[in-house]
Amino acid sequence: MIEFVLDGRSRVATYMQLVLQVKQALRVGLAQPGDRLPKVRDVAQALAINPNTVLKAYRELELEGLAEGRPGVGTFLVRTLAGPSLAHQAALREELVAWLGKAQAAGLAREDIAALVDTTLRATPDRPPASGT
């Protein structure tokens with residue numbers, strides 16, 4: 001089950017942070033169609049936010065066709081965002097964990113690492129996937 005985390009320093013609206021976390025979980029296979037999202041009340045209490053904020057996030061997911069509310073039962077994911085690259089993600093994640101260890105050993109803080117990744121992504125042109133992957 002997804003456990004939401006909020007970044008109080010983010011300029012992204014609270015409800016959208018929740019939406020983006022669900023999308024990330026769907027993209028990397030941590031959440032699958034059929035999974036139930038946490039109850040609105042539980043999320044609101046855990047994050048100390050208004051339940052309407054959680055409802056807004058869940059409604060957005062429904063509008064995007066990613067979730068479906070079932071009265072009296074909960075909100076369930078109905079579609080995935082994981083692509084064919086999902087099979088390669090476990091190995092890539094292991095390499096990334098090793099790289100993160102090196103970056104931290106080199107003295108980079110979490111914010112430094114995020115800035116390095118973000119700027120590198122922006123500076124690297126999109127390439128079509130290599131054949132066979």
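Under full-length UniProt numbering, the first residue of the sequence shown carries the number 1, and numbering increases by one thereafter.
For each residue, glycine too, the CB sits at the ideal point set by N, CA and C.
Which residues in the same chain have their Cβ closer than 6 Å to the Cβ of Thr53, if we skip the five residues on either side of it in sequence?
Excluding sequence neighbours, Thr53 sits near Thr14, Tyr15.
Report the CB separation of Leu100 from Arg27 in whole angstroms; it is logged as a contact under 8 Å.
Their Cβ separation, rounded to whole angstroms, is 19 Å, which puts Leu100 and Arg27 out of contact at 8 Å.
Near Ala109, what residues of its chain come up, given a Cβ to Cβ distance below 6 Å and the 5 sequence neighbours on each side ignored?
Within the same chain, Ala109 has no close Cβ partners at all.
Would you mind reading off the limits of the beta strand (DSSP E) that contains Thr124?
Here Thr124 belongs to no beta strand (DSSP E), and DSSP marks it neither H nor E.
In the DSSP output, which residue or residues are listed as bridge partners for Gly69?
Gly69 is bridged to Thr75.
Please work out which residues of its chain come closer than 8 Å, Cβ to Cβ, to Gly65, disregarding the five sequence neighbours upstream and downstream, and give them in chain order.
Closer than 8 Å at Cβ, skipping near neighbours: Val78, Arg79.
Mapping the DSSP letters down to three states, classify Arg36 as helix, strand or coil.
DSSP, read as helix, strand or coil, puts Arg36 in strand.
Mind checking if Gly83 is an interface residue toward chain D, Cβ cutoff 8 Å exclusive?
Absent from the structure: chain D. Only one protein chain is present.
Whether residue 138 touches Glu60 by CB criterion (8 Å)
Look at the range of the chain in this structure, 1 to 133, and you will see that residue 138 is not part of it.
Return the first residue and the last residue of the alpha helix (DSSP H) that Asn52 is part of.
In the DSSP assignment, Asn52 falls within the unbroken alpha helix (DSSP H) covering 51-63.
Do Phe4 and Gln32 count as a contact pair if the criterion is CB distance below 8 Å?
Taking 8 Å as the Cβ cut-off, Gln32 and Phe4 do not qualify as a contacting pair.
Leaving out five residues on either side along the sequence, give the residues of the same chain with a beta carbon under 7 Å from the beta carbon of Val43.
Result list for Val43: Phe4, Val54, in chain order.
Around the C-beta of Val19, are 16 or more other C-beta atoms found within 10 angstroms, so that it is buried, or is it exposed?
Burial is judged here by how many other beta carbons sit within 10 angstroms of a residue's own beta carbon; Val19 has at least 16 and is buried.
How long is the line joining the alpha carbons of Thr133 and Thr75, rounded to whole angstroms?
In this predicted model, Thr133 has a pLDDT of only 46, less than 50, meaning its place in the structure is not dependable enough to derive any value.
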